[in-house]
Amino acid sequence: SQQGEEDPQALSIQEGENATMNCSYKTSINNLQWYRQNSGRGLVHLILIRSNEREKHSGRLRVTLDTSKKSSSLLITASRAADTASYFCATGFSSGGYNKLIFGAGTRLAVHP
Amino acid sequence: DAGVIQSPRHEVTEMGQEVTLRCKPISGHNSLFWYRQTMMRGLELLIYFNNNVPIDDSGMPEDRFSAKMPNASFSTLKIQPSEPRDSAVYFCASSSGQRNEQFFGPGTRLTVL
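Right under this line is the structure:
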């Protein structure tokens, strides 16, 4: 079963606009990660935020984590057509002494020139 | 670094045939994961290995699926006999014990007729 659920399922914006994607999860986590998947390709890691962190930045990406609400958001600022992809959140937690990731269903982002 | 290598990239087979998917993780990574991605079920973790040992195979759908990791640089996922509902994209990913992010291969698109 999926741990993380992304919202919205699909997002369509114009180049230059900001894109915000949300992720909710159910159980305690060690960290939360965001990945991008271009059509026909494998997933690419974007950013990791630990459970004791509240906000993290990487270039045009900003991730927030609210463990009390069990939710995270990914903000892409000044979007570009090349940002068109599916974005997945993945919750990292310990299982049997090992690190495990469970992926959500993803948000399909379309950025129009 | 060549990244995670998967072969074949595409596989078309007939129901009942045996299918073997192959993966070479990134050198030095000690964890390896097999995922299946479909439109209906999203990205599902099938099995993961740590130091070549299977840790959690609870995601393996049926006895028709088996996975091995005979050494640190090679893993296989076998489906025998294959069924049309096995059609999906199968991803292999690897990670280092020091970091939790996973590096994905390009995937194998399997079509079972």
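One line per chain: the protein sequences are A and B, in this order. For the first sequence, the numbering used here begins at 22 and goes up steadily by one. For the second sequence, the numbering used here begins at 3 and goes up steadily by one. Even glycine gets a Cβ: it sits at the ideal position worked out from N, Cα and C. Here the structure is a predicted model, which means the values were calculated and not measured.
| query | Are there three or more Cβ pairs, one per stretch, closer than 8 Å when the stretch 41-50 of chain A is compared with the stretch 10-20 of chain B? | reply | No, the stretch 41-50 of chain A does not touch the stretch 10-20 of chain B.
| message | Less than 9 Å between CB atoms is the rule here; does P108(B) satisfy it with respect to chain A? | response | Yes, its Cβ sits closer than 9 Å to a Cβ of chain A.
| Runs of beta strand (DSSP E) wholly within the stretch 21-99 of chain B (minimum 3 residues, chain order) | Unbroken beta strand (DSSP E) stretches of 3 residues or longer found wholly inside the stretch 21-99 of chain B: 21-26, 33-40, 44-52, 55-58, 67-73, 76-81, 90-97, given in chain order.
| DSSP puts V65(A) in a beta bridge; with which residues? | BP columns for V65(A) point to R57(A).
| Closest Cβ-Cβ distance between Y56(A) and chain B: below 9 Å? | Put simply, the CB of Y56(A) is near chain B, with a gap under 9 Å to one of its CB atoms.
| Buried or exposed: which applies to P27(B), given that a residue is buried once 16 or more other Cβ atoms fall within 10 Å of its Cβ? | Buried is the call here.
| query | Can you tell me whether DSSP reads A126(A) as helix, strand or coil? | reply | A126(A) sits in coil when the DSSP states are folded into three classes, being neither helix nor strand.
| message | Within the continuous beta strand (DSSP E) that includes K77(A), where are the two ends? | response | Element bounds for K77(A): 76-79.
| field | Minimum Cβ-Cβ distance from I49(B) to chain A less than 9 Å | value | Using a CB distance cut-off of 9 Å, I49(B) does not count as an interface residue toward chain A.
| message | Any C-beta of chain B within less than 9 Å: which residues of the stretch 110-133 of chain A qualify? | response | Listed by position along the chain: A111, G113, S116, G117, G118, Y119, N120, K121, L122, I123, F124, G125, A126, G127.
| said: I'd like to know whether the C-beta atoms of V132(A) and T105(A) end up nearer to each other than 9 Å. | reply: It is a contact, given that the beta carbons lie within the stated cut-off.
| message | Counting only beta-carbon separations shorter than 9 Å, does A95(B) have a partner in chain A? | response | With 9 Å as the cut-off, A95(B) counts as an interface residue toward chain A.
| task | Measure the alpha-carbon distance for P56(B) versus P134(A) and round it to whole angstroms. | result | Going from the Cα of P56(B) to the Cα of P134(A) covers about 46 Å.
| request: Determine, using beta carbons only, whether R83(A) comes closer than 9 Å to chain B. | output: For R83(A), the answer is no, since every Cβ of chain B falls outside 9 Å of its Cβ.
| N-terminal and C-terminal residue of the beta strand (DSSP E) that Q35(A) is part of | From DSSP, the beta strand (DSSP E) with Q35(A) extends over 31-35.
| said: Check whether chain B comes within 9 Å of Q23(A), counting only Cβ atoms and requiring the distance to be less than that. | reply: Here the model assigns Q23(A) a pLDDT of 47, short of 50, so the residue's position is not dependable and the matter cannot be decided.
| request: May I have the straight-line CA-CA distance separating Q19(B) from L112(B), to the nearest angstrom? | output: When rounded, the distance between both Cα atoms is 12 Å.
| message | So if I threshold CB-CB distances at 7 Å, which residues from the stretch 28-54 of chain A count as touching chain B? | response | Taking a C-beta cut-off of 7 Å against chain B, the contacting residues of the stretch 28-54 of chain A are N52, Q54, listed in chain order.
| request: Can you grab the Cα-Cα spacing for the pair R129(A) / E64(B), in whole Å? | output: Taking the Cα positions, R129(A) is about 30 Å away from E64(B).
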